[in-house]
Amino acid sequence: MGFLSRKATCNAHGQDSSYFLGWQEYEKNPYNEVNNPNGIIQMGLAENQLCLDLLEPWLMKNPDALGLKRDGISIFKELALFQDYNGFPAFKRALVDFMGEIRGNKVSFDPNHIVLTAGATSANETLMFCLADQGDAFLLPTPYYPGFDRDLRWRTGVEIVPIHCTSSNGFKVTLPAIEQAYRQAQKRKLRVKGVLITNPSNPLGTTMARDELDLLIKFIEDKQIHLISDEIYAGTVFTSPSFVSVMEVLKDRNLDQTQVWERVHIVYSLSKDLGLPGFRVGAIYSNDPVVVSAAIKMSSFGLVSSQTQYLLSAMLLDKKFTKEFMSENHKRLQKQQKDLVSGLEKAGIRCLDSNAGLFCWVDMRHLLKSNTFEAEMELWQKIVYHVKINISPGSSCHCIEPGWFRVCFANMSESTLKLAIQRLKSFVSSIAMKSQSHQELKSLRRKARNNWVFRLSLQSFYDREQDTRAKVSFSYRPHFMSLSNIAATLDAAA
Amino acid sequence: MLSSKASSNCHGQDSLYFLGWQVYEKNPFHEVENPTGIIQMGLAENQVSFDLVESWLRQNPDVMGLKNKDGESVFRDLALFQDYHGMPAFKNELVEYMAKIRGNKVKFDPNNLVLAAGATSANETLIFCLADPGDAILLPTPSYAGFDRDLKWRTGVEIVPIHCSSSNGFRISMFALEEAYERAQKLNLKVKGVLITNPSNPLGTTMTKDELQSLITFAIDKDIHLISDEVFSGTVFDSPCFISIMEAAMDSNLKRNTDVLSRIHIVYSLSKDLGLPGFRVGMIYSNNQTVVSAATKMSSFGLVSSQTQYLLSYMLANKKFTSHYMKRNQKRLKKRKEMLVSGLKKSGIKCLKSNAGLFCWVDMRHLLCSNTFEAETDLWKKILCEVGLNISPGSSFHCSQPGWFRVCFANMNQSTLQVALRRIKDFVERSSFDYQQNMASLSRKLISNWVRKLSSADREEQER
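Line order of the protein sequences matches chains A and G.
Residue 1 is where the first sequence starts when you use the UniProt record's numbering, and the numbers rise one by one after that.
Residue 1 is where the second sequence starts when you use the UniProt record's numbering, and the numbers rise one by one after that.
What follows is the structure, encoded as structure tokens:
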């Protein structure tokens, strides 16, 4: 018998993926503007570092929030003892209000239906434990966040069956694709318990249209399964179309108070919108009281520190601040995204049209040697080791088309982004040059061969007229010889 | 529709342990606002030394303000810090603190420490690493009621109890250990390890070196793991002093077996010693690199807030403070425990002799109307609803003998404890008075019945 568990000794944690390997390489040689300007620039980390400078002045103006005081009186003891898995009431109220605001107040959330967890990582795993048993399956549109392989599957034993999306329609989810995935699951004798979408999408950076959400709702109604909408990037929607939450669609279709209402669950977190991944604040929102009850008990395994709940309840309760923050956040995200997109365009690289997220879905298919994942890996390795940029290859996101990469832009300064773009531009030019000289050599070789044939025939012609043209043929031989040498070299290089 | 986990009650929260809390929540005692409310004596929290921590915080406002020694804000770094390896400075301080609690007789390597969101998370994660669904862990009873959830619920692992009894102070005997192992085998369960809580919850006792070494030998024999949940290690207030499983394993005889350290794992937390359960700081310590590696990845599901790691790394770095705190804390716990024990004694109630923990293991067998768990539950209900004390019945700790209760003393001030003791005294006196009344009334009934029978027998004889 194994000394340790199968979970501890297998690699279902998914961390052998290139997504994480790229990070490891980055860690060995991280770029720093001053100390290590030739290091690897991290563009594989979806973090929002653009607005932390807005949070610091708020903290200075509100010292009680960090100082764990209420009206100047220390409440340290109360917080130090607070381990109620129902969560800090003021924090839950502030959080649901904030979530409502992000959705343009078109939906409102009930604090009694929210469950706090240590990050969205914990929220997603907990929802799996609540909705599915070992051996059940969830359908997930590809490309998807590489961490899902660990979060949804590792300890739960639940399977992921991909809903393949392609560039032919901008990677949108279609009914045939969903049905195909469902059939695939059935073939594998897996009981499908639900569909999990990330909206806005990671890695695409796009928001789902109403018709896509309608489609999904109809599908889960038909099959009587769940829909989890991971909306952790909801606050990063920086341009139109505006964000439409699945809850909004349900409400608009008057599906609240129906069975399907209780089968739709949202995952949220403050890691992306507010840029606070270190504080571990995630949440599950469900209309099903049984799910809420089970999830609350499970949240014992990953409660949010009361110190942090207090700080963030104070921050989110300052509605004026959060409004200004979100507005500025969107502006800066939009600018940074535009800089990346236009920079890449100048290098002849296109991005999927996006309106949200902290990254772009970049089309590098034309830079592949062949339309294969091996070629994608080769390109990725070149970019990580030679260009010194860590980006995430589409294969790590389970994309079915080789050549797409997720490139993050919100975790660095403008100048670092510029440098990264510069490096990519140089890289692309060098490929172009190599490819051009390759093409030129190819064409030269063709010409040389043609010349040789021509020379041969010319030679025989001259041979035929040896007596009168000997001088001419002789004078061509060295040239002929050198061309054939070139031809031989080109053959060897090909 | 939902998973079997969500729809079952394997979360174990239908136990009286948790039900008592719910009743308490509806009518909580407050010295001023609700003096007749229920006093919470079912919560193992350490509230006796907050003033020491608060005083430190007042002297170090920058740390709460997330500023470094130079007064510069480190907010940004902390906001982004989500490395599951944990903050190095924090782990360094933790291992030194852990060593200090163990009298510096063992040294810990911060690279073998994995942070988790509380011991609840640490225990579950460790089980995920060591056992597969359907495997079993042996657990001495009585044991912490939360283990049913923490060790079994989502892991699918079974718990097989090692029955301990009052006949030897609830110590783990080799006989009980072997018997539990055989029982597991009969049930076709693969035993992957033994989990002990040392100091014990709910007993409040520490294990001797011999006991620990017997357990280690057993684990080596059976090729299984040994998990030592040492969350109460900083609450040892009396002799014998605390001996960690690591110290026992360092013994030369066992050291010869080179893989002994690969099967021993410690769980620790700052919730009990420092009284900070709200901050969710737990950890796993293991010399087994595969376990450390897997547990580190799993800790993604329950990382400690960087804001909290920062605060506590500074607090623990202040060695003067930690020494002062440990000494004062232990003194106060001892005093509080002695108050409870002597108070109960005056009511004719005895406690298991203890030297640690935040509670006493109280013997109320003589107050049961029968030696059954039904009688124990009846007594528990009376104490909860009529006396107004939430104490935890032994059955909720899977104790095999009815009549024992865990009574916490460290989560209230002295005057509240006095109120609780008075209530118990009154209850015992009433019960004893009622008992005497009942007995007297019963004897009177019996005597008059007997007299009636006698006289009717006489009449019959006369009529014949």
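In this text, a Cβ means the ideal position worked out from N, Cα and C, and glycines have one as well.
Inset, instruction - Give the DSSP-derived three-state secondary structure of A/M43 in the structure shown. - result: Coil at A/M43, not helix or strand.
Inset, instruction - Could you tell me which chain A residues have their CB closer than 9 Å to the CB of G/V291, listed as they occur along the chain? - result: Per Cβ cutoff of 9 Å: L4 and A8.
Legend entry - Contact list for G/I277 against chain A, beta-carbon separation under 7 Å: A small fix is needed here, since residue 277 of chain G is Pro in this sequence, not Ile. Going along chain A in sequence order, the residues near G/P277 (Cβ under 7 Å) are L81 and Q83.
Inset, instruction - Using a Cβ-Cβ cut-off of less than 7 Å, list which residues of the segment 67–86 of chain G approach chain A; keep chain order. - result: Flagged, chain order: S73, F75, R76, L78, A79, L80, F81 and Q82.
Legend entry - Exposed unless 16 or more other CB atoms sit within 10 angstroms - verdict on G/E376: Burial of G/E376 is indicated by the presence of at least 16 other C-beta atoms within 10 angstroms of its C-beta.
Legend entry - Inter-residue Cα distance where the pair is A/S342 and A/D214: Their Cα atoms are separated by approximately 33 Å.
Inset, instruction - Would you list, in chain order, the members of the segment 119–148 of chain A that have their beta-carbon closer than 9 Å to a beta-carbon of chain G? - result: Listed by position, the residues of the segment 119–148 of chain A near chain G (Cβ gap below 9 Å) are G119, T121, S122, E125, T126, M128, F129, C130, L131, A132, D133, Q134, D136 and G147.
Inset, instruction - Enumerate in chain order the residues of its own chain whose CB-to-CB distance from A/P241 is below 8 Å, with the five nearest sequence positions on each side excluded. - result: Here the set comprises T207, A209 and N355.
Inset, instruction - Out of G/L274, G/K327 and G/V291, point me to the one whose CA is closest to G/L316's CA. - result: Checking every option, the nearest Cα to that of G/L316 belongs to G/L274.
Legend entry - Bridge partners - A/V115, DSSP secondary structure assignment: Note: A/V115 is bridge-paired with A/I284 in the DSSP secondary-structure output.
Inset, instruction - Determine whether the Cβ of G/S121 lies closer than 8 Å to any Cβ atom of chain A. - result: Yes, G/S121 lies at the interface with chain A (some Cβ there is under 8 Å from its Cβ).
Inset, instruction - Compare the Cα-Cα distances from G/Q213 to each of G/F232, G/I243, G/L187 and G/S200 and report the closest residue. - result: That would be G/I243, whose Cα lies nearest to the Cα of G/Q213.
Legend entry - 8 Å Cβ cutoff, A/S305 in contact with chain G: Closer than 8 Å to some Cβ of chain G, the Cβ of A/S305 qualifies, so yes.
Inset, instruction - Starting from the beta carbon of A/G194, find every residue of chain G whose beta carbon is closer than 8 Å, and list them in chain order. - result: Chain G residues near A/G194: none, gap ~10 Å exceeds 8 Å.
Inset, instruction - For G/C385, count neighbouring C-beta atoms within 10 Å of its own C-beta (all shown protein chains included) and say buried if the count is 16 or more, exposed if not. - result: With fewer than 16 other Cβ atoms from the protein chains shown falling within 10 Å of its own Cβ, G/C385 counts as exposed.
Inset, instruction - Please list the segments of the beta strand (DSSP E) lying wholly inside the segment 162–226 of chain A, counting only runs of 3 or more residues, in order along the chain. - result: Taken in chain order, the unbroken stretches of beta strand (DSSP E) that lie wholly in the segment 162–226 of chain A and span 3 residues or more are 192–198.
Inset, instruction - Could you tell me whether the Cβ of A/S74 comes closer than 8 Å to any Cβ of chain G? - result: Closer than 8 Å: yes.
Inset, instruction - From the DSSP output, in three-state form, read off G/R102 for me. - result: Here DSSP, grouped into helix, strand and coil, assigns G/R102 to coil.
Inset, instruction - Over the uninterrupted alpha helix (DSSP H) stretch that includes A/S269, give me the two end residues. - result: Where A/S269 is concerned, there is no enclosing alpha helix (DSSP H), although the beta strand (DSSP E) it sits in stretches over V264 to S269.
Legend entry - Extent of the continuous beta strand (DSSP E) to which G/W404 belongs: Per DSSP, G/W404 belongs to the beta strand (DSSP E) from W404 to C408.
Legend entry - Where G/Q401 falls: helix, strand or coil (DSSP): Correct three-state label for G/Q401: coil.
Inset, instruction - Check the DSSP bridge columns for residue 537 of chain A and list the partner residues they point to. - result: Outside the displayed range of chain A (1 to 494) lies residue 537 of chain A, so it cannot be described from this structure.
Inset, instruction - Would you mind stating whether A/G14 and A/R150 have Cβ atoms separated by less than 8 Å? - result: Yes; because the gap between Cβ atoms is below 8 Å, this pair is in contact.
Legend entry - Alpha-carbon to alpha-carbon, A/Q336 and A/A323: The question names Ala, but residue 323 of chain A is Lys in the sequence shown. When rounded, the distance between both Cα atoms is 20 Å.
Legend entry - Candidates G/Q289, G/A295, G/L276 and G/T290, of which the one nearest G/M283 by Cα: The residue with the shortest Cα to Cα distance from G/M283 is G/A295.
Inset, instruction - Out of G/K382, G/T208, G/L379 and G/D229, point me to the one whose CA is closest to G/V194's CA. - result: Residue nearest to G/V194 within the set G/K382, G/T208, G/L379 and G/D229 is G/D229 (criterion: CA-CA distance).
Legend entry - 9 Å Cβ cut-off: residues of chain G touching A/V96: Taking a Cβ-Cβ cut-off of 9 Å, A/V96 has no neighbours in chain G, whose nearest Cβ is about 21 Å from it.
Legend entry - Contact set for G/F359: own chain, Cβ-Cβ below 7 Å, skip 5 residues either direction: The beta carbon of G/F359 sits closer than 7 Å to the beta carbons of A44, P202, G204, R406, V407, C408 and F409 from its chain, once the five residues preceding and following it are set aside; these are given in chain order.
Legend entry - Where the segment 9–32 of chain G meets chain A: residues whose CB sits under 7 Å from a CB there: Per Cβ criterion, the list reads H11 and Q13.
Legend entry - For A/G403, the nearest candidate out of A/W361, A/L50, A/L303 and A/K251 (CA to CA): Checking every option, the nearest Cα to that of A/G403 belongs to A/W361.
Inset, instruction - Look at G/R332 and G/S4 and say whether their C-beta atoms are less than 8 Å apart. - result: No.
Inset, instruction - Closer than 9 Å, Cβ to Cβ, to anything on chain A: give me those residues from the segment 397–423 of chain G, in chain order. - result: Within the segment 397–423 of chain G, the residues whose Cβ lies closer than 9 Å to some Cβ of chain A are N411, listed in chain order.
Inset, instruction - Please confirm if A/D16 has its CB atom under 8 Å from at least one CB of chain G. - result: Not an interface residue.
Inset, instruction - Would you kindly report the start and end of the unbroken beta strand (DSSP E) that includes G/V160? - result: E158 to H163 is the extent of the beta strand (DSSP E) around G/V160.
Legend entry - 8 Å Cβ cut-off: residues of chain G touching A/T308: The CB of A/T308 comes closer than 8 Å to the CB of S305, Q307 and T308 in chain G, given here in chain order.
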